[in-house]
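Beneath this line is the structure, given in structure tokens, with notes to follow.
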Amino acid sequence: MATMAEKIFSWKLGRDVEPGEFVVAPVDISYFQDGTGPLGIRRFNEFSDNVADPRKVHFFIDHASPSPRKELSNDHRFIREFARRMGTYLHEYGEGISHQIMVEEFAKPGDIIVGADSHTCTLGALAAFATGVGSTDAAIAMSEGGLWFRIPESYRIEVSGELEKGVYSKDLILYIIGKLGADGATYKSAEFHGEAISKLSQEARFTISNMAIEMGAKVGLIPTDDETFRYLKSIRGDQEFLNVVPDEDASYEKTFYFDAKNIPPGVAAPHNVDNWKPIDEVAGTPINQVYIGTCTNGRIEDFRIAAQILKGRKKHRDVTLIIAPASKRVYIQAVTEGLIKIFIEAGGVVLPPGCGPCVGIHAGVPADNEVVLSTQNRNFKGRMGNPSAEIYLASPATAAASALKGVITDPREYL
Amino acid sequence: MTILRGRVWKFGDNISTDHIIPGRYYHLRSNLPELAKHVMEDADPEFPKKVKPGDFIVAGKNFGMGSSREHAAIVIKLANVSAVIAKSFARIFFRNAINNGLPVIIADTDKIDDGDELEVDLEKGVIRNLTKNIEIKIQPLPKVMLDILKEGGIVEYIKKYSRLPVTE
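Going down the list, the sequences are from chains R and H.
Residue 4 is where the first sequence starts when you use the numbering used here, and the numbers rise one by one after that.
Residue 52 is where the second sequence starts when you use the numbering used here, and the numbers rise one by one after that.
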């Protein structure tokens, strides 16, 4: 009668757990990025000089990557020196975004993983109990090999039917967040189920789990199935992985029902992720910049969708089009398939793998009052480095179509 | 953690960590005193100049939503804000605040306005709005969090007890 979250903790602790219980659980992987790593290292140095298992710790330099200024170069050097001294993993400029590298190479179904980055919940699409924490909590996990947790109550989100043509997992999760609200699942383990979810490719599922935090959830879990194992084996070869599904009589605090076939392409309008609008309502809004990438939508499938629309066409004169692959693996595959050539010929600027302009530090900060349409996960005021800019969130297809027209555009016009 | 007293700076719902400490000051994260000069800047550009030691930040629901940047809790603490009071908090911010010894208080904030004077008794679990002469109940914190707050933060807790705050 256990939900996915309860099952994972019960396995790890060797006993049944109940929601609301406080436990210390072993952590399979803890990780940091360049914005949270330096503080994590300083905190670690205050109470510890021993990393429990260096091969379970990762540092990623993905946010300000490569460094745009000396202060950040110094932070990066500080991270490199610590990682080398302790023998942890270190992921350098050009390797990509932490969460993407985690799902490609490291995260496994049934793992407990903490990352000092809120979008660590992306890994939940592989049925890993992966949650974002602050630098100090990640430092504790690095030192102790475990951390204290409160076992969360679970919400079940059941999506029937199938997404229509031109509607993607990004449209679905934006719609769900719009209905539940930015705090609609605060603290809960959100589990995604139903025909529409099981029909999604693994890459499309990452977009769903990635945005679980945008409704406040602690984790965004998707049960394992043939598609999960196909994805894992395509990258990691023939290994055995745990099958993580809830018990049939698992009890959920709440269940929400959605029908995929009623959902149109949509956006999150400024300045909150739950400010959902159907595409009809915002089509025609002039935009100044389009960004296709991030841990939400910077994967090869996203690039294939965008390239299908951009192929043989030119972006609108008044729009800046920026593209950044989520990882080196995505980048190489996109080069091999000719997608990067399509982006460049359409007038796009291709950045190295990493977070790119989503974090407001470099490489695509909007001018005052500019309007951005991005495939990222957050449109908070100031998010991209300018508090007077407006950010719309949308799927890669909507982003590509909008880049061509210079206004927010229904992608179905091009499909 | 005796009795906290100060003036209220009132904010609305969904104050994000980007409001609290904007990403454009990312390069100052290893220079916390400089970073703290921009506390709450995108919610109220004058806030860093106006806030006085002991003051309260009071907000609606979902305070601290968004990124995991612990710096958001740290800059509020460095501004000597005595507590953040909100109807609800985002999970990561809440935990970061406790870990840094910043009291985060869940209470109905509808009857607290900008400029009100408050007295907060954490032990008794009550907010006294001295301006309006009313009392507001605080939702009690789990014991593990109170224990961490009492020591001034999780690092101080671990240094003192050489263990995590939950034992089985």
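All C-beta atoms in this analysis are idealised placements derived from N, C-alpha and C, irrespective of residue type, glycine included.
Three-pair Cβ contact test at 8 Å for the region 69–77 of chain H versus the region 396–405 of chain R: no
CA nearest to the CA of R/C361, picked from R/D371, R/G350, R/L376: What you label residue 361 of chain R is simply residue 358 of the first sequence in a count that begins at 1. The residue with the shortest Cα to Cα distance from R/C361 is R/L376.
Within chain B, the residues that H/G152 reaches when beta carbons sit closer than 7 Å: Given the protein chain composition of this structure (R and H), no chain B is represented.
Minimum Cβ-Cβ distance from H/L215 to chain R less than 9 Å: Along the second sequence, read from residue 1 onward, the residue named residue 215 of chain H stands at position 164. Chain R contact via Cβ: present.
Spatial neighbours of H/K88 in its chain, beta-carbon cut-off 8 Å, leaving aside the 5 residues before and after: Counting from 1 along the second sequence, the entry for residue 88 of chain H is found at position 37. So the qualifying residues of the chain are P99.
Contact list for the region 177–192 of chain R against chain H, Cβ threshold 7 Å: A185, D186, T189, Y190
Contact with chain R by H/L200, beta-carbon distance below 9 Å: Residue numbering aside, residue 200 of chain H sits at position 149 when the second sequence is read from its first letter. So no, H/L200 is outside the interface.
For H/Y212, three-class secondary structure by DSSP: By 1-based counting over the second sequence, the position of residue 212 of chain H is 161. Residue state, collapsed to three classes: helix.
Cβ of R/P267 within 9 Å of any chain H Cβ: The count along the first sequence starts at 1 and reaches residue 267 of chain R at position 264. Cβ-Cβ to chain H under 9 Å: no for R/P267.
Residue ranges of each alpha helix (DSSP H) within the region 89–162 of chain R, 4 or longer: 101–104, 138–147
Cβ-heavy atom distance, H/A130 to the ligand ZN, below 8 Å: Although the ligand ZN was asked about, the structure shown includes no ligands whatsoever.
Span separating the alpha-carbon of R/Q311 from that of H/L197: Stepping through the first sequence from its first residue, residue 311 of chain R is reached at position 308. Stepping through the second sequence from its first residue, residue 197 of chain H is reached at position 146. Taking the straight line joining both Cα atoms gives about 55 Å.
Short Cβ contact (9 Å threshold) for H/R56 with H/L153: Translated into the one-based positions of the second sequence, residue 56 of chain H becomes position 5. Translated into the one-based positions of the second sequence, residue 153 of chain H becomes position 102. Not a contact, by the Cβ cut-off of 9 Å.
Residue span of the alpha helix (DSSP H) that contains R/R1, given as start and end: Residue 1 of chain R lies beyond the range of chain R shown here (4 to 418); nothing can be said about it.
R/V27 at chain H interface by Cβ criterion, 9 Å: What you label residue 27 of chain R is simply residue 24 of the first sequence in a count that begins at 1. By this cut-off, R/V27 is an interface position.
Chain-order list of residues whose beta-carbon lies under 7 Å from that of H/D159 (same chain, five-residue window excluded): Taking the second sequence and counting its residues from 1, the one referred to as residue 159 of chain H is at position 108. For H/D159, where only same-chain residues beyond five positions count, the Cβ hits under 7 Å are K138, I187.
Whole-angstrom C-beta distance between R/I160 and R/E194, which should lie under 8 Å: Sequence index remark: in the first sequence, residue 194 of chain R carries index 191 (1-based). Sequence index remark: in the first sequence, residue 160 of chain R carries index 157 (1-based). That pair is a contact at about 7 Å.
Chain-ordered residues of the region 205–228 of chain R with a beta carbon less than 7 Å from chain H: G219, K221
Contact list for H/Y77 against chain R, beta-carbon separation under 8 Å: For this step, residue 77 of chain H is matched to residue 26 along the second sequence. Residues of chain R passing the Cβ test: G38, H66, A67, L75, V362, G363, I364.
Between the CA atoms of R/Q336 and R/I303 - distance to the nearest angstrom: Indexing the first sequence from 1 puts residue 303 of chain R at position 300. Indexing the first sequence from 1 puts residue 336 of chain R at position 333. If I take the Cα positions, the gap works out to 7 Å.
Residue environment, R/L3, which counts as buried when at least 16 other CB atoms sit within 10 Å: The first residue shown for chain R is 4 and the last is 418, placing residue 3 of chain R beyond what the model contains.
Coarse secondary structure for R/K59, derived from DSSP in three states: In the first sequence, the residue the question calls residue 59 of chain R occupies position 56. Of the three classes helix, strand and coil, the one that applies to R/K59 here is helix, per DSSP.
9 Å Cβ cutoff, H/V155 in contact with chain R: Taking the first residue of the second sequence as position 1, residue 155 of chain H is located at position 104. So, not an interface residue.
H/V109 in three-state terms, based on DSSP: Taking the first residue of the second sequence as position 1, residue 109 of chain H is located at position 58. The answer is strand: DSSP assigns H/V109 an E or B state.
Residue-chain proximity (H/I205, chain R), Cβ-Cβ < 9 Å: Residue 205 of chain H sits at position 154 when you count from the first residue of the second sequence. By this cut-off, H/I205 is an interface position.
R/V285, enclosing beta strand (DSSP E) - first and last residue: Translated into the one-based positions of the first sequence, residue 285 of chain R becomes position 282. Premise fails: R/V285 lies in the alpha helix (DSSP H), 282–285, not in any beta strand (DSSP E).
Where R/S68 sits in the DSSP three-state scheme: Counted from its first residue, the first sequence places residue 68 of chain R at position 65. Coil.
Three-state class that DSSP yields for H/K175 in the structure shown: Working through the second sequence from its first residue, we reach residue 175 of chain H at position 124. DSSP places H/K175 in coil when its eight states are reduced to three.
Closer than 9 Å to chain H by CB, R/F346: Within the first sequence, numbered from 1, the residue matching residue 346 of chain R stands at position 343. Chain H, which has no Cβ nearer than 9 Å to the Cβ of R/F346, makes this no.
R/G43, enclosing alpha helix (DSSP H) - first and last residue: If you number the first sequence from 1, residue 43 of chain R lands on position 40. 40–50 is the extent of the alpha helix (DSSP H) around R/G43.
Interface flag, H/E97 vs chain R, CB-CB below 9 Å: The residue labelled residue 97 of chain H in the question sits at position 46 within the second sequence. No, no contact with chain R.
Test: H/S133 CB closer than 9 Å to a CB of chain R: Here residue 133 of chain H refers to the residue found at position 82 of the second sequence. Chain R, which has no Cβ nearer than 9 Å to the Cβ of H/S133, makes this no.
Cβ-Cβ distance between R/L342 and R/A309 below 9 Å: Within the first sequence, numbered from 1, the residue matching residue 342 of chain R stands at position 339. Within the first sequence, numbered from 1, the residue matching residue 309 of chain R stands at position 306. Taking 9 Å as the Cβ cut-off, R/L342 and R/A309 qualify as a contacting pair.
Close-in-space but distant-in-sequence residues of the same chain around H/N147 (CB under 6 Å, 5 per side omitted): In the second sequence, the residue the question calls residue 147 of chain H occupies position 96. If we look at H/N147 and ignore the five residues flanking it on each side, its Cβ neighbours are E121, A124.
Simplified DSSP state of H/R120, which is helix, strand or coil: By one-based count along the second sequence, residue 120 of chain H stands at place 69. Looking at H/R120 - three-state DSSP - the assignment turns out to be coil, as it is neither helix nor strand.
Segment contact, 8 Å Cβ cut-off, at least three pairs: the region 53–66 of chain R with the region 121–133 of chain R: no
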